[in-house]
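Input: a single structure, listed below in structure tokens.
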Amino acid sequence: DFGKNIIPSVLKTHRLFAHPFRDKNTGNMMYWRDVGTLDAYYEANMDLVSVNPELNLYDQSWPIRTYQPNTPPPKFVFAQKEGEAPRIGHAMDSMISSGCIISGGMVSGSVLSNDVRVNSWASVEDSILFDGVSVGRHAKIRRAIIDKGVKIPEGLEVGFDPHEDRMNGFTVTDTGITVIAKGAS
Numbered sequence: 002d003f004g005k006n007i008i009p010s011v012l013k014t015h016r017l018f019a020h021p022f023r024d025k026n027t028g029n030m031m032y033w034r035d036v037g038t039l040d041a042y043y044e045a046n047m048d049l050v051s052v053n054p055e056l057n058l059y060d061q062s063w064p065i066r067t068y069q070p071n072t073p074p075p076k077f078v079f080a081q082k083e084g085e086a087p088r089i090g091h092a093m094d095s096m097i098s099s100g101c102i103i104s105g106g107m108v109s110g111s112v113l114s115n116d117v118r119v120n121s122w123a124s125v126e127d128s129i130l131f132d133g134v135s136v137g138r139h140a141k142i143r144r145a146i147i148d149k150g151v152k153i154p155e156g157l158e159v160g161f162d163p164h165e166d167r168m169n170g171f172t173v174t175d176t177g178i179t180v181i182a183k184g185a186s
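Given below as structure tokens:
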């Protein structure tokens, strides 16, 4: 945590300088949010998908510089085979990064990093998925943070039963956010 560990440690051996960021038109402080806990990190990301987020990534007057990988745009797949329920990939109130494929799954109120795959009949709600996460068919994810490269098996439910999530080796925060660390599958 910056405020509790890093800054106090650096202050002991180095000179530090702070620069307040103020809106040049209003004089108001620009965006700052402490994301030093899993719950705070989750809430900051969920704010991004709200209609009027405090940090508006689309505000041209305060551009955000970030790395953009050379991957294709997100893809939403609709397919229907004879005798099979339709697979309609869709996302609502979400931020979907490049390289993602929503193949007949549903994403709602979530932030998906690059190269995430949501397979047929799977659902992701109010969650944060990092690069390369794969959500298997019929899996259900709710109120979760899932680290890079995690493969969610077909039919697994995450974020619905805290006891079951803990039994699966996942972390559950005080506010009920389920966290799946890198290397889990």
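Positions in the sequence shown are counted from 1; adding 1 to them yields our numbering.
Positions of the beta carbon are idealized from the N, C-alpha and C atoms, including for glycine.
Note that the coordinates shown come from a computational prediction; the quantities given were computed from them, not determined experimentally.
Under a Cβ-count criterion, where at least 16 other Cβ atoms within 10 Å of its own Cβ denotes burial, should residue i be classed as buried or exposed?
i       : result
Trp-33  : exposed
Thr-179 : buried
Pro-87  : exposed
Val-151 : buried
Ala-123 : buried
Pro-75  : buried
Asp-166 : buried
Ser-128 : buried
Val-159 : buried
Met-93  : exposed
What are the start and end residues of the beta strand (DSSP E) that includes residue i?
i       : result
His-91  : 91–93
Ile-7   : Segment: none, Ile-7 is in no beta strand (DSSP E) and carries neither H nor E.
Val-125 : 124–126
Phe-77  : 76–80
Lys-149 : Looking at the DSSP string, Lys-149 is not in any beta strand (DSSP E), and its letter there is neither H nor E.
Thr-179 : 179–181
Val-108 : 107–109
Ile-103 : 102–104
Lys-141 : 141–143
Leaving out the 5 sequence neighbours to the left and right, which residues in its chain are closer than 8 Å to residue i when beta-carbon positions are compared?
i      : result
Lys-5  : Gly-37
Asp-40 : Thr-174, Asp-175, Thr-176, Ile-178
Ser-95 : Val-50, Val-108, Ser-109, Gly-110, Ser-111, Val-112, Leu-113
Counting only C-beta atoms, is residue i closer than 8 Å to chain C at any point?
i      : result
Tyr-32 : The structure shown contains no chain C, having only a single protein chain.
What are the boundary residues of the alpha helix (DSSP H) that residue i is part of?
i       : result
Arg-167 : 163–168
Ala-41  : 39–49
Compare the C-alpha of residue i against each of the options and name the closest.
i       : options                           : result
Gly-133 : His-15, Ala-185, Ala-41           : Ala-185
Val-125 : Ser-114, Ala-145, Asp-116         : Ala-145
Ile-147 : Gly-156, Phe-131, Ala-80          : Phe-131
Ser-62  : Asp-24, Asn-115, Ile-97           : Asp-24
Pro-21  : Ala-182, Met-30, Thr-14           : Met-30
Asp-116 : Gly-105, Gly-106, Ile-97          : Ile-97
Lys-82  : Ser-99, Asn-71, Gly-170, Ser-121  : Ser-121
Lys-99  : Tyr-68, Ile-142, Gly-106          : This sequence places Ser at residue 99; Lys is not what is there. It is Tyr-68 whose Cα lies nearest to the Cα of Ser-99.
Arg-143 : Lys-149, Ile-181, Thr-72, Met-168 : Ile-181
For residue i, which residues from the same chain have a beta carbon less than 6 Å from its beta carbon, with the 5 sequence-adjacent residues on both sides left out?
i       : result
Arg-118 : Ile-102, Ser-135
Ile-153 : Val-136, Gly-137, Ala-140
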